[in-house]
Amino acid sequence: ITWTPARPYTDIRYETHGGIAKITINRPEVRNAFRPQTVMELMDAFAAARDDRSIGVVILTGQGKEAFCSGGDQKVRGDGGYVGDDQIPRLNVLDLQRQIRTLPKPVIAMVAGYAIGGGHVLHLVCDLTIAAENAVFGQTGPQVGSFDAGYGAGLLARTVGQKKAREIWYLCRRYSAREALEMGLVNAVVPLDRLEEETVAWAEEILQKSPTALRFLKAAFNADTDGLAGLQQLAGDATLLFYLTEEAKEGRNAFLEKRKPDFSKFPRFP
Ligand code: 2NE
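Heads up, the sequence shown is in UniProt numbering, so the first residue is 3 and it goes up one at a time.
Right, here's the structure in full:
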């Protein structure tokens with residue numbers, strides 16, 4: 003698979019292949035832990051993938067076979083969050099989680115090695131996860147003095163069930179790819195040397211499907227778990243579709259032409 007570098011970054015790579023954008027956390031020396039700069043670059047890359055009409059699926063992964071992501075970089079963890087050059091303590095990965103959720107295109111986590119701590123939550127918020135046989139999953143928060151009580155807890159419980167989610171957080175154990183598959187935490191487990199090939203095959207299958215249908219389904223799955231914010235996403239997609247209709251255009255045109263709108267010709271469906 004030939005990937006074309008599309009944007010320059012320091013902590014990540016952004017590459018494309020056909021309708022697929024691949025975003026790679028590129029800090030293998032710290033098992034792809036993220037610092038504020040990493041997260042800022044990830045948010046910029048996801049925004050680019052969202053805006054690019056030629057992109058239909060995004061793959062999120064980590065450089066190398068040792069780790070997908072090991073969570074927040076503990077070496078730059080200050081007192082109120084993770085600290086970058088600007089000395090501002092941040093937990094900006096939470097913004098990134100929401101961005102992945104609301105991106106109106108499927109996002110696939112491609113996991114080799116560790117998906118741990120905040121890195122585990124990143125794969126969790128992706129639509130699908132394809133794991134290599136060497137993948138290891140788990141949370142470490144209560145061990146390192148941290149926790150993610152947002153998606154990290156609530157969405158995990160929705161995904162694997164309340165008992166299992168509590169076990170994962172309370173005991174901080176590690177789980178193999180097979181165990182993750184059994185608990186519904188990942189979609190498939192494949193040999194490490196076939197990970198990218200298989201993930202791209204899943205992405206290409208998705209690319210054959212209706213983008214609008216996929217967009218609404220993603221919003222619907224989110225609405226089920228995200229309360230009013232989830233409903234807002236679904237509602238925004240409905241507005242997008244409505245704007246494309248002659249009925250909505252009649253309202254806009256009437257305003258611009260300073261006349262009364264005439265909606266009489268539009269059907270009232272049962
Ligand atoms: C990931 C894991 C299990 C890998 O173990 P192993 O044995 O394969 O590698 P090793 O030797 O532990 O790590 C290799 C290098 O990467 C650094 C290590 O310190 C080491 O570098 P040196 O010390 O040799 O220079 N490294 C690994 N993970 C790092 C990290 N997260 N931050 C900074 N450096 C890291 C093992 O390394 C591990 O358990 N890592 C820590 C996982 C963890 O606890 N992450 C933070 C959870 S909290 C969080 O992510 C979070 C949150 O809870 C809420 C909001 C935002 C973030």
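Idealized CB from N, CA, C, for every residue including glycine.
- Item | Residue closest to residue 12, alpha-carbon to alpha-carbon, out of 253, 217, 4 and 42 | The candidate whose alpha carbon is nearest that of residue 12 is 42.
- Fully enclosed by the stretch 32-120, which alpha helix (DSSP H) runs are 4 residues long or longer? 38-53 and 95-104, all fully within the stretch 32-120.
- Message: Comparing C-alpha positions only, which one of 161, 36, 160 and 172 sits nearest to residue 120?
- Response: It is 36 whose Cα lies nearest to the Cα of residue 120.
- Kindly examine ligand 1 and report whether one of its heavy atoms sits closer than 7 Å to the Cβ of residue 87. For residue 87, the shortest C-beta to heavy atom distance toward ligand 1 is 7 Å or greater.
- Message: Quick check on the burial criterion: 16 or more other C-beta atoms within 10 angstroms. Buried or exposed for residue 40?
- Response: Counting Cβ neighbours within 10 Å, residue 40 comes out buried, since at least 16 surround it.
- Excluding sequence positions up to five away, which residues of its chain have a Cβ less than 6 Å from the Cβ of residue 171? The answer, listed in chain order, is 141.
- Query: According to the Cβ coordinates, are residue 179 and residue 135 closer than 8 Å?
  - Reply: Between residue 179 and residue 135, the gap from beta carbon to beta carbon is short of 8 Å.
- Using the DSSP secondary-structure output, state which residues sit across from residue 198 in a beta bridge. In the DSSP output, where bridge partners are listed per residue, residue 198 has none listed.
- Task: Measuring alpha carbon to alpha carbon, tell me which of 46, 252 and 224 ends up nearest residue 239.
- Result: The option with the nearest alpha carbon to residue 239 is 224.
- Residues in its own chain within less than 8 Å of residue 144 by CB, not counting five upstream and five downstream? Around residue 144: 171, 172 and 174.
- Task: Can you say whether residue 210 is buried or exposed, counting buried as having 16 or more other CB atoms within 10 angstroms of its CB?
- Result: Here residue 210 is exposed: its Cβ has fewer than 16 other Cβ atoms, across all protein chains shown, within 10 Å.
- Does the Cβ of residue 65 lie closer than 7 Å to at least one heavy atom of ligand 1? Not one heavy atom of ligand 1 lies closer than 7 Å to the C-beta of residue 65.
- Apart from the five residues just before and just after residue 129, which ones in its own chain have a Cβ nearer than 6 Å to its Cβ? Contacts found: 108 and 109.
- Task: Assign residue 24 to one of three DSSP states: helix, strand, or coil.
- Result: Reduced to three states, the DSSP call for residue 24 is strand.
- Query: Taking the alpha helix (DSSP H) that residue 170 falls in, what are its first and last residues?
  - Reply: 164-173 is the extent of the alpha helix (DSSP H) around residue 170.
- Message: Judging by CA-CA distance, which residue of 66, 213, 244 and 228 is the nearest neighbour of residue 112?
- Response: With distances taken between Cα atoms, residue 112 lies closest to 66.
- Item | Nearest-angstrom Cα separation, counted from residue 62 out to residue 137 | One C-alpha to the other measures close to 15 Å.
- Message: Spatial neighbours of residue 177 within its chain, please: C-beta separation below 8 Å, excluding the five flanking residues on both sides.
- Response: These residues qualify, in order along the chain: 138, 139, 140, 170, 185 and 187.
- Message: Rounding to the nearest angstrom, what Cα-Cα distance links residue 216 and residue 226 in this structure?
- Response: Looking at the backbone, the Cα of residue 216 and that of residue 226 are separated by about 15 Å.
- Task: Spell out a yes or no on whether the stretch 22-33 and the stretch 46-63 are touching, meaning 3 or more CB-CB pairs, one atom from each, closer than 8 Å.
- Result: The answer is yes - the stretch 46-63 touches the stretch 22-33, with three or more Cβ pairs under 8 Å.
- Query: Any heavy atom of ligand 1 within a distance shorter than 7 Å of the CB on residue 56?
  - Reply: Residue 56: no, Cβ never under 7 Å from ligand 1.
- Message: For residue 274 and residue 205, I'd like the C-alpha separation in whole angstroms.
- Response: Nothing can be reported for residue 274, as the shown portion of the chain is limited to 3 through 272.
- Item | Three-way DSSP call (helix, strand, coil) for residue 130 in this model | Here residue 130 sits in strand by DSSP.
- Query: Can residue 142 be considered in contact with ligand 1, in the sense that its beta carbon sits closer than 7 Å to one or more heavy atoms?
  - Reply: Under cutoff, so the answer is yes.
- So which of 114, 49, 149 and 115 has the shortest CA-CA distance to residue 123? Minimum Cα distance to residue 123 is reached at 149.
- Name the residue from 16, 235, 163 and 95 whose alpha carbon lies nearest to the alpha carbon of residue 72. The shortest CA-to-CA distance from residue 72 to any of 16, 235, 163 and 95 is the one to 95.
- Message: Which runs of the alpha helix (DSSP H) at least 4 residues long sit entirely within the stretch 180-237? Give them in chain order.
- Response: The stretch 180-237 contains these whole alpha helix (DSSP H) runs: 197-209 and 213-227.
- Message: Judging by CA-CA distance, which residue of 115, 165 and 92 is the nearest neighbour of residue 82?
- Response: Measuring C-alpha to C-alpha distances from residue 82 to each of 115, 165 and 92 identifies 92 as the nearest.
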